[in-house]
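Q: Residues in the sequence shown are numbered consecutively from 23, following my numbering. Note that CB positions come from ideal geometry on N, CA and C, so glycine has one too.
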Amino acid sequence: MRKLVLFLVALPILFGLAVLAASELGGEVVTLYTRDEAGRESRTSLWVVDYGGYPYLRAGDRDAGWCERLRRVPDVRVERGGETLRYRAVPAPEQTPTVDALMAERYGLADRLVGLMRDPGASMAIRLEPASP
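1) So is Glu46 buried or exposed if we call it buried at 16+ other beta carbons inside 10 Å?
2) Would you call the CB atoms of Ala153 and Tyr78 closer than 7 Å?
3) Could you say which of Ala86, Asp97, Val70, Arg62 lies nearest to Thr120 if we only look at CA atoms?
4) Ordered along the chain, which non-local residues of its own chain (more than five positions away) have a Cβ less than 6 Å from that of Pro96?
5) Which of the three DSSP states is assigned to Val112 in this structure?
6) Considering Cα atoms alone, identify which of Asp83, Arg62, Arg65, Glu116 is closest to Val136.
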């Protein structure tokens with residue numbers, strides 16, 4: 023009985039660690055820097071795909087903190103491949119199915135594992151447009 027309880031406690035912890043490892047080690051990860059209305063900066067590690075000449079991010083949940091911040095203050099910075107560039111983040115819900123498919127193709131098993139933890143209907147694509155000088 024004790025082993026069963028231990029197993030039942032350990033299983034969700036191990037699953038959570040597997041999802042975390044998949045999200046961080048599953049492929050290219052960029053760092054998104056957002057700001058709140060008070061100017062406080064936050065950083066978030068995210069996957070990225072390129073489509074139609076733009077990089078795209080995907081919010082697994084439209085209400086995620088980083089997504090809320092960029093809707094309020096769309097001027098963001100993204101660190102990718104050792105280079106940090108400024109962008110204007112534009113929610114692109116019409117591109118979500120395409121971005122979902124590109125993420126699945128690019129990140130494979132890692133995307134499927136992370137997908138177990140999110141509601142696919144709640145995700146949203148974010149297009150990164152070059153910031154004006």
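A: From the atom records:
1) If you number the sequence shown from 1, residue 46 lands on position 24. For Glu46, the predicted model reports a pLDDT of 49, less than 50, meaning its position is unreliable; a value from the coordinates is still stated below. Flag for Glu46 reads exposed.
2) In the sequence shown, the residue the question calls residue 153 occupies position 131. In the sequence shown, the residue the question calls residue 78 occupies position 56. No, the Cβ-Cβ distance between Ala153 and Tyr78 is not below 7 Å.
3) Position 98 of the sequence shown, counted from the first residue, corresponds to residue 120. Of Ala86, Asp97, Val70, Arg62, the residue nearest in Cα terms is Val70.
4) The residue you call residue 96 lines up with position 74 of the sequence shown. Counting only Cβ-Cβ distances below 6 Å, and skipping sequence neighbours, we find Arg110, Ala111.
5) Position 90 of the sequence shown, counted from the first residue, corresponds to residue 112. Residue state, collapsed to three classes: strand.
6) What you label residue 136 is simply residue 114 of the sequence shown in a count that begins at 1. That would be Asp83, whose Cα lies nearest to the Cα of Val136.
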